[in-house]
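All remarks here apply to the structure that follows.
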Amino acid sequence: MTYSGKVKPGSPQVRELADLIITKASVGPMDNNAFLLQCRGTGSRLLVDAAAEAAVLLQMLSDEPLDSVVTTHRHGDHWGALAEIVRAKSPTTLAGAADVEGIPVVTDKPVDDGDTILVGSCQLEVIHLVGHTPGSIALLYDDPAGPPHLWTG
589 MTYSGKVKPG SPQVRELADL IITKASVGPM DNNAFLLQCR GTGSRLLVDA
639 AAEAAVLLQM LSDEPLDSVV TTHRHGDHWG ALAEIVRAKS PTTLAGAADV
689 EGIPVVTDKP VDDGDTILVG SCQLEVIHLV GHTPGSIALL YDDPAGPPHL
739 WTG
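Each residue of the sequence shown is one higher than the one before, counting from 589 in my numbering.
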């Protein structure tokens with residue numbers, strides 16, 4: 589399958605990098621993107637934005653463990669399925685420190701600009717995005733075998 593970056597609601601698309609597998613799904617009435625990142629070396633998995641439609645996300649996650657879930661900002665269209673995902677998978681939850689109080693699910697690890705989040709042996713750099721919400725973050729994966737990838741939420 590060719591990865592175009594465009595996703596139809598309910599149909600995930602996959603992009604395979606040398607060290608990281610990226611699965612992208614569109615969920616909810618606003619067509620929010622949710623991304624599953626999986627380290628090829630360790631199998632460790634991280635979900636970016638449990639935005640909506642928990643059933644769709646749980647199908648994408650399958651029966652495999654989920655290590656962590658990052659909420660990119662505190663608007664409800666980015667955490668609408670978070671409680672159900674946490675209940676079903678028990679991942680560590682992360683979010684921008686200044687947005688933690690606006691997310692109705694406990695954030696286990698507040699993060700700030702310059703922090704590193706590991707997905708197995710793959711490193712994501714946290715970038716604070718000023719303006720949208722006080723704690724909006726993006727995640728940067730500087731792919732050693734290709735161009736960088738940025739998840740902005």
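Glycine is no exception: its CB is placed at the ideal position from the N, C-alpha and C atoms.
Computed from a prediction, not measured in an experiment: that's the story for all the values here.
For residue i, the three-state DSSP class (helix, strand or coil)
| i | result |
| --- | --- |
| A643 | helix |
| V693 | coil |
| V707 | strand |
| A685 | helix |
| V636 | strand |
| H716 | strand |
| R628 | coil |
| E604 | strand |
| H663 | coil |
| L728 | strand |
Per-residue burial, residue i [other beta carbons within 10 Å of its own, 16 or more giving buried]
| i | result |
| --- | --- |
| D730 | exposed |
| G723 | buried |
| L624 | buried |
| D687 | buried |
Selection from the options that minimises the alpha carbon distance to residue i
| i | options | result |
| --- | --- | --- |
| T704 | I691, G719, I610 and A683 | A683 |
| S656 | G741, G664 and V674 | V674 |
| W667 | E652, L645, L649 and L654 | L645 |
| I725 | L608, D637 and A606 | D637 |
| A676 | H661, G664, I609 and E652 | E652 |
| L635 | D607, S678, H663 and A606 | S678 |
| G734 | D607, Q601, V602 and P600 | D607 |
| S578 | A639, E689, I609 and V615 | Residue coverage of the chain in this structure runs from 589 to 741, which leaves residue 578 outside it and unanswerable. |
| A639 | S650, R628 and A671 | A671 |
| L728 | N620, H720 and V707 | V707 |
Supposed close pair residue i, residue j - CB separation, criterion 8 Å
| i | j | result |
| --- | --- | --- |
| T681 | M648 | With a Cβ gap of about 18 Å, T681 and M648 do not count as contacting. |
| G702 | V693 | Not quite, the Cβ-Cβ distance comes to about 24 Å (not below 8 Å), so this is no contact. |
| T660 | G741 | 3 Å |
| H716 | D700 | 6 Å |
Enclosing alpha helix (DSSP H) for residue i [first to last residue]
| i | result |
| --- | --- |
| A671 | L670 to K677 |
Residue-level contact to chain D via CB, residue i, 8 Å cutoff
| i | result |
| --- | --- |
| M618 | The structure shown contains no chain D; it holds only a single protein chain. |
Where the beta strand (DSSP E) through residue i begins and ends
| i | result |
| --- | --- |
| L654 | Note, L654: premise wrong, no beta strand (DSSP E); not H, not E. |
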